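**Student:**
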Amino acid sequence: MAKRPRGKAAKKLEEKKKAKSQQDEGLLTGSKWQSLDNEVDQEEPGNIVQDDSEEEQDYETRPRKFQIQEDEFEERLPVKSADGTLKRRLTKKTQKEEESENEEEDEEEKEQAEEEDEDELSGSESEGESQLSEAERIKQAKELIADTFESLNEDPEENINQLRKLRDLIQRSKLFKIKQLTILALVPIYKNLIPGYRIKPLTDAQKKEKVSKDVRKLRNFEESLLNYYKTYIDQLKDFVKKGRKTDEGSVRFALANSAITAACELLTSIPHFNFQQDLIEIIVQKLSVKRTDKAFEKCISTVEKIFDADEEGQVSFELVRSMSKMIKGRHYKVDPRVVGSLLHLRLLTELAAKADLERVEKPQEPKIKKKDRQHLSKKERKARKERKAIEEEMRIAENAVSAEERERLQGQTLKLVFVLYFNILKERSNTLMPATLEGLAKFAHLINADFFGDLLEVLRELIQERQQRVIDGEIEFRESTTREALLCVVTAFALLSGQAGESMNLDLSFFINHFYSALFALSLNPDIEFSHKTLRLDDPLGSEQGIHQELQRKVDISTETEMVVRAFEAIFFKQKRSNIGRLRVQAFAKRLSITMLHFPEKSTIASLKILDKMIKKFHTTIPSLFSTDDRVTNGVFHMDVDEPEHSNPEAATIWEIVLLEKHYDPKIAKAARSVLHTARSSHN
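So the sequence shown is numbered by the numbering used here: it starts at 1 and just counts up by one.
(1) Return helix, strand or coil for residue 76, following the three-state DSSP convention.
(2) Is residue 688 helix, strand or coil when you go by DSSP?
(3) When the Cα atoms are used, what is the spatial distance from residue 627 to residue 454?
(4) Throw me the rounded Cβ distance for the residue 434 and residue 495 pair, which I believe falls under 8 Å.
(5) Just curious, the alpha helix (DSSP H) that residue 513 is in, first and last residue?
(6) Assuming residue 657 and residue 669 form a contact by the criterion Cβ under 8 Å, report the distance between their Cβ atoms to the nearest whole angstrom.
(7) Helix, strand or coil: which one does DSSP assign to residue 157?
(8) Tell me whether residue 673 sits in a helix, a strand or coil according to DSSP, three-state version.
(9) How big is the Cα-Cα spacing for residue 222 and residue 199?
(10) Quick check: the stretch 606-617 against the stretch 632-648, are there 3 or more CB pairs under 8 Å?
(11) Using a 10 Å radius around the Cβ and a threshold of 16 neighbouring Cβ atoms, would you call residue 323 buried or exposed?
(12) Could you compute how far the alpha carbon of residue 274 sits from the alpha carbon of residue 234?
(13) Identify, in the order they occur along the chain, each residue of the same chain with its Cβ nearer than 8 Å to the Cβ of residue 296, setting aside the five sequence neighbours on each side.
(14) Are the beta-carbon atoms of residue 520 and residue 489 separated by less than 8 Å?
(15) So is residue 85 buried or exposed if we call it buried at 16+ other beta carbons inside 10 Å?
(16) Which first and last residues belong to the alpha helix (DSSP H) in which residue 639 is found?
(17) Less than 8 Å between the C-beta atoms of residue 202 and residue 219, yes or no?
(18) Return the chain-ordered ranges of every beta strand (DSSP E) run that is complete within the stretch 233-264 and spans a minimum of 3 residues.
(19) If you pair each beta-carbon of the stretch 152-165 with each one of the stretch 236-253, do three or more pairs fall below 8 Å?
(20) So, at 8 Å on beta carbons, what are the nonlocal neighbours of residue 184 in its own chain, with the 5 sequence-adjacent residues on each side left out?
(21) Return yes when the Cβ of residue 622 is within less than 8 Å of the Cβ of residue 585, no when it is not.
(22) Which of the three DSSP states is assigned to residue 329 in this structure?
(23) Helix, strand or coil for residue 201 per DSSP?
(24) Work out the CA separation of residue 307 and residue 598 for me, nearest whole Å.
(25) Using C-beta distances below 8 Å, list every residue in its chain close to residue 111, excluding the 5 sequence neighbours before and after it, in chain order.
(26) What number of angstroms, rounded off, separates the C-alpha of residue 14 from the C-alpha of residue 76?
(27) Can you give me the C-alpha to C-alpha distance between residue 499 and residue 413, rounded to a whole angstrom?
(28) DSSP on residue 308, reduced to helix/strand/coil?
(29) Please state if the CB of residue 485 and the CB of residue 518 are separated by a distance shorter than 8 Å.
(30) By Cβ distance below 7 Å, which residues in the same chain neighbour residue 635 in space, the five residues on each side in sequence not counted?
(31) Does the Cβ-Cβ distance between residue 409 and residue 276 come in under 8 Å?
(32) Check the C-beta distance from residue 343 over to residue 442 and give it rounded, since I have them as a contact under 8 Å.
(33) Helix, strand or coil for residue 661, going by three-state DSSP, please let me know.
(34) Using a Cβ-Cβ cut-off of 6 Å (strictly less than) and excluding sequence neighbours within five positions of residue 256, which residues of its own chain qualify?
(35) For residue 667, name the three-state secondary structure that DSSP assigns.
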């Protein structure tokens, strides 16, 4: 195919065509053609005159071929032949001369090529780009991202359409690293562009009304921002959907993880903005899978951060509603940490929404010296006083509305949480039971009093299910289920701690007896002070997964030692002294002194503090157990009986504290001596 002439050659060829067309028009309008037209008009209608003008015009419009093109050749000095005649000598121009003549044309082509490269980078890949190396293509993408970010920083309202290049770059780029880079680079861009309010779509009436230039510019910016942001969110959802069932290490799996990371960052930074539900859907969808990876851990930490930082309650409500639907749809077969994340919710008692309705905290204004005060007339002082009163009323109304809305949202969130907990208890999900019991133990004081009876019955059944009967018919507790049993006990006492529980006079003797019998099993548990967050090595003689992997399945907010302390606080220190029997106090004091011989150091110190506190409160009951003097008692102490009132604790003697005085840990020895000193001083 012949090369199309450009530059000066094209200009000269255009001038020749123009001159030829003018010459043809002059010939057509001449006298010769006018006379021929007159002759044709005078012919009779029957006679047909053949007109050859079409053939001539077709011939004239054909491109002319020149044997010698002057613009391609250059005339040299003539050469004299043998017969004495002079001959013209024409030579082709050199390549350098042709390049110098077409310099302007090359510059234009270069500018056009740069624009095409930029379009190709933001759109589909061209043949030239596909020939570039991977590093060069990534470099071009980085430059495009940097230019876009710089232009948006300069004037976001004017350059908002620059986001189209990055949007197209994600869609049409075939290189995985460019897609991943662009997905993550758009997160800080949108965080800077998105305002601190939610954008409402314009109605038809608002679109038709006349507004100022600044308002119209702002509306165009908001509308464009919503469109680009919506497209970006749809792209993230598409990547997550494609990478859901792929293997680790694949391109789709990596892109899905990048999209999840971007969604987590956007929901944490700008939870108030539009399309909040789409981001929540991406995170909850990842929480529903069985495979746990870095993206799953990222989603869990994001949910916990949102629950910890959300003071209004709107985002937490939407997130809890989506999570409860997902858990129910999965038939309660999810990771326990999903349910455990609900422990980070900030509900009614923590935020104290009612207090905000009654009192408004005024900011402290700096005092102005008398010499610096502005002189105001009586009328001006009166107007300022009225203005301050109006502002005060407006501030109170705003706080009241926000507090009422916040209380409503948190009430609905609490309802969803309890419905989820009760359904898990009904399904008897073994994996989710620890997290559910911890949640009930934390929020039990917020449960409606109408559910107390049913909930206590369920807790009683759970405790009985965690017991096994030996051949002789006696009840023996599994050491591996002491945590779940303790959670049931703590939850039951949490119900009693509320005002409704105290007024109902609930009988918790079953839970007290169970806690009394479980103390021996707790003393033999080597993990009583550890949680799933504790750094420790796996047991080389244990199972393949090890003890640490077993603990990771549990979601806990407190260790078993801490729950033992809470149970003692609920039984002996949060109730009136007259409601606690003497035999129960002595039986628990004796069993606690036996178990602390087998506890680890920290648990032993905590037990000694509990015993010291019990001696001070029940100073007429416990000190007699530290005495070896003869006293009137019936029978002997039965340490194997699991009912405190039937173990005859009055015949017991707490001699274990003397052994703890010689403990290798100086802190434990010091605490034991302090307990003995308190007992002797109370007995005297």
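Cβ atoms here follow ideal geometry from the backbone N, Cα and C, with glycine treated the same way. Here the structure is a predicted model, which is why all the values come from computation and not from measurement.
**Tutor:** Result, derived from the coordinates:
(1) strand
(2) Lying before the first or after the last residue shown, residue 688 is absent from the chain, which here runs from 1 to 684.
(3) 45 Å
(4) Not really, about 19 Å apart at Cβ, beyond 8 Å.
(5) 509-523
(6) With a Cβ gap of about 11 Å, residue 657 and residue 669 do not count as contacting.
(7) coil
(8) helix
(9) 7 Å
(10) no
(11) buried
(12) 13 Å
(13) 286, 287, 289, 335
(14) no
(15) exposed
(16) From DSSP, residue 639 is part of no alpha helix (DSSP H); its letter is neither H nor E.
(17) yes
(18) none
(19) no
(20) 258, 261, 262
(21) yes
(22) helix
(23) coil
(24) 39 Å
(25) Any answer about residue 111 is weak, because its pLDDT of 45 lies below 50 and its placement is not dependable; what the coordinates show is given next. Cβ within range, chain order: n/a, list empty.
(26) 27 Å
(27) Low confidence applies to residue 499: its pLDDT is 47, below 50, so where it sits in the model is not reliable enough to give any reading.
(28) helix
(29) yes
(30) 648, 651
(31) no
(32) 6 Å
(33) coil
(34) 239, 240, 243
(35) helix
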